[in-house]
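Right, one structure below, let's go through it.
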Amino acid sequence: MTKFHGTREAFAAAITDMAKTDRKIMFISPDSLKAMRATDFAEEFPEAYIEVGIAEQNAVAVAAGLASCGQIPFVGTYAGFMTMRACEQMRTFVAYPKLNVKFIGINAGLNGGEREGVTHQFYEDLGILSSIPNFTIFTPADGAQTYHAVKRAAEIDGPVYIRAGSGREIDIYNKEDPFNPDGVTVLKDYGTDTLILASGFILNKVLEAADLLYKENIKVTVGDVNILNGENNTKILNLMAMTNKIVTVEDHNINGGLGSFISKLACENRPVNVKRIGLNSFGESGPANDLIDYYGFSPENIAKTVIENLKL
Amino acid sequence: MGNEELKEIAGHLRFEAVRMIYQGKDGHPGPALGIADIVTTLYFDEMNIDPENPKWEDRDRFILSKGHACPIYYAALSERGYFGKKVKEYKLRALGSKFQGHPVMNKTEGVDMTSGSLGNGLSIACGMAIAGKYNKKDYNVFVIVGDGEIQEGIIWEGANTAASKKLDNLILFVDKNNWQSGGAVSDTIGSNNVKEKFEAFNWHVQEIDGHNIDEIKKAIALAKSKKGMPSAIICNTIKGKGLDFMENNNLWHKGVPTDDQYAIAVKVLGGAK
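Residue numbers (the working numbering), protein chains in the order written: chain A, 1 to 312; chain B, 313 to 585.
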């Protein structure tokens with residue numbers, strides 16, 4: 001396994017490791033080589049690195065053409081430049097024909113975009129893709145999970161979107177932990193007062209919140225949901241069946257992502273209170289931790305929200 | 313195949329396109345008729361394809377980027393044998409039909425790429441051409457775009473990629489009929505200097521009569537011989553070519569012939585065979 005830290009290097013490490021044995025793996029770059037930390041990949045596999053310039057729609061369309069000829073192209077760049085600027089190409093020329101193109105969207109969320117400001121922070125990507133059929137959506141929680149998510153994506157025949165961040169994510173998982181195909185992994189199991197379901201790089205804050213709550217004698221379970229809108233949600237539903245209070249936490253707009261997904265599962269299977277923590281507005285520039293606190297993702301605020309929700 | 317024979321096939325495909333639009337009561341006859349000679353030359357003379365094995369990996373690829381012109385494409389695929397027996401009733405644009413309003417690769421045998429949202433075909437063709445070179449295949453990728461369509465920004469993103477990757481296995485036909493949905497191209501954007509634009513993007517550019525089979529054949533041969541750069545063949549065409557009442561009349565961008573007009577088409581284009 002090539003060494004890496006954080007989601008971006010994890011992406012580059014995973015495609016580099018796969019390309020050693022699979023000529024089908026390619027990286028399509030809309031001038032995102034450095035941002036995706038893939039310069040070593042380009043040096044080792046110059047033919048498999050396709051630079052198309054600052055042209056995201058073109059990158060996705062080129063990838064569609066490559067996939068139609070049997071390649072496994074990975075398009076990696078800022079989450080919104082793909083899911084917004086190239087949304088139509090992702091829908092009409094990849095998702096509709098079910099072509100085997102993989103997408104890695106970096107700077108996803110406030111935490112992912114932090115100091116760049118709103119133009120480079122993307123908290124709508126999951127909502128956009130949730131309304132497009134045929135997409136498999138992975139939301140790994142750290143670098144190690146991103147590495148395995150990228151490898152898993154290559155095994156799936158069809159479009160996959162993987163949410164990635166700034167590259168400075170806190171490690172939660174061990175490097176060897178596989179990307180859980182069940183769609184949820186329990187990371188804290190203190191009790192069933194509330195089930196907190198999180199996705200993405202906000203997980204460390206949620207784990208801290210669970211410990212704060214434990215000190216207040218409120219015993220929660222924390223689950224990391226790593227597949228959005230999965231086909232088989234049995235494991236998530238089983239967890240949801242153990243409690244009457246659910247809180248979702250996601251670094252994404254409150255609509256269209258994890259909170260929407262879990263609310264839907266609750267409504268359609270076993271109605272239960274679901275409180276969603278997420279973004280209701282655009283963000284702004286700032287140091288990651290300051291931003292995260294200001295916009296309501298601090299462990300204290302998550303804990304407070306859980307407590308208030310228990311009183312309802 | 314001989315030029316006279318190809319001309320005859322083009323006339324028949326024109327009739328089939330009009331027939332499917334007349335029967336389906338919807339579609340774009342003007343754009344379909346305008347590219348009939350290019351499509352005929354590609355499918356009946358130039359392209360290395362196997363209708364019995366439409367996904368053959370060494371085949372030449374074709375993308376009808378201006379997907380609304382698909383009736384002529386469907387007619388060519390039928391005539392070429394992609395659907396077994398020639399199609400008697402296309403049911404163009406009908407529910408459940410394999411002949412969708414715009415081409416769909418997973419529904420229609422022989423369609424190499426879903427298309428119709430304007431501008432996307434060139435970039436997708438770049439991907440196919442890059443794959444060809446990467447896998448050391450000697451197939452070519454052919455694309456037809458409209459002169460209105462190339463107002464889309466992604467066309468020029470793709471034009472950059474084709475030139476920078478030296479995609480000499482990519483040949484782009486620009487169907488230059490000087491019209492677009494809303495009116496004349498030059499009225500819309502102030503000019504229609506296609507040749508200069510592609511030359512500025514470092515493409516090999518030819519300009520021909522898009523209804524002259526001999527010129528189309530020679531232009532393809534020259535394009536294939538030009539190494540190290542992609543080729544654009546700018547085809548001066550007449551929208552609606554083949555039926556007097558449609559020719560150069562932009563009302564036929566989209567429209568359905570009346571019974572009387574259909575009768576004229578039967579007479580002029582030879583009717584069903």
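Beta carbons: idealized from backbone N, C-alpha and C, even for Gly.
- Asn174 of chain A counts as exposed, since fewer than 16 other beta carbons sit within 10 angstroms of its beta carbon.
- Listed along chain B, the residues sitting closer than 7 Å to Leu66 of chain A by beta-carbon distance are Gly439, Ile442 and Ala443.
- Per the coordinates, the alpha-carbon of Ile54 of chain A lies some 15 Å from the alpha-carbon of Ala63 of chain A.
- Counting every other CB atom within 10 Å of its CB across the protein chains shown gives Thr21 of chain A a total below 16, marking it as exposed.
- Counting along the chain, the unbroken alpha helix (DSSP H) around Cys382 of chain B starts and ends at Cys382 to Arg392.
- The three-state reading of DSSP puts Ile347 of chain B in coil, since its state is none of H, G, I, E or B.
- The Cβ atoms of Ile202 of chain A and Val247 of chain A do not sit closer than 9 Å to each other.
- Gly428 of chain B and Thr2 of chain A have their C-alpha atoms spaced approximately 42 Å apart.
- Assigned with DSSP and collapsed to three states, Leu99 of chain A falls in coil, not helix or strand.
- Between Glu421 of chain B and chain A, the shortest Cβ-Cβ separation is not below 9 Å.
- At a cut-off of 9 Å between C-beta atoms, Val416 of chain B counts as an interface residue with respect to chain A.
- The contact set of Tyr96 of chain A on chain B, defined by CB atoms closer than 7 Å, consists of Thr426 in chain order.
- Within the region 523-578 of chain B, complete beta strand (DSSP E) segments of at least 3 residues are found at 543-548, given in chain order.
- Taking 9 Å as the cut-off, the Cβ atoms of Ile456 of chain B and Ser390 of chain B do not count as close.
- Taken in chain order, the region 374-455 of chain B contains no complete beta strand (DSSP E) segment of 3 residues or longer.
- For Leu237 of chain A, the uninterrupted alpha helix (DSSP H) run begins and ends at Thr234 to Met240, by DSSP.
- Beta-bridge analysis with DSSP links Tyr147 of chain A to no other residue.
- By the Cβ neighbour-count rule, Met242 of chain A is exposed, with fewer than 16 other Cβ atoms within 10 Å of its own.
- The beta carbons of Tyr394 of chain B and Phe411 of chain B sit no closer together than 9 Å.
- Assignment of Asp290 of chain A by DSSP, reduced to helix, strand and coil, places it in the helix class.
- Judged by DSSP in its simplified three-state form, Ala67 of chain A adopts helix.
- One alpha carbon belongs to Gly582 of chain B, the other to Ala322 of chain B, and they sit about 11 Å apart.
- Looking at the DSSP output, Ala496 of chain B bridges to B:Trp491.
- The bridge partners DSSP lists for Ile25 of chain A are A:Ile72.
- With a cutoff of 9 Å on beta-carbon distance, Gly431 of chain B and Gly65 of chain A are scored as not near each other.
- DSSP places Arg331 of chain B within a helical segment (H, G or I) once states are collapsed to three.
- Judged by their CB atoms, Ala544 of chain B and Leu479 of chain B are not nearer to each other than the 9 Å cut-off.
- C-alpha of Gly342 of chain B to C-alpha of Glu124 of chain A: approximately 41 Å in a straight line.
- The C-beta of Met26 of chain A has 16 or more other C-beta atoms within 10 Å across all chains shown, which makes the residue buried.
- When secondary structure is reduced to three states using DSSP, Ala59 of chain A falls in the helix class.
- In this structure, Thr139 of chain A keeps its C-beta atom at 9 Å or more from the C-beta atom of Arg168 of chain A.
- Under DSSP, Leu482 of chain B shares a beta bridge with B:Val453.
- For Ser68 of chain A, the CB contacts under 7 Å within the same chain, skipping 5 residues up- and downstream, are Leu99 in chain order.
- Under the three-state reduction of DSSP, Gln518 of chain B is assigned to strand.
- The C-beta distance from Asn226 of chain A to Asn180 of chain A rounds to 6 Å, short enough to fall under 8 Å.
- Straight through space, the alpha carbons of Val423 of chain B and His414 of chain B are spaced by roughly 11 Å.
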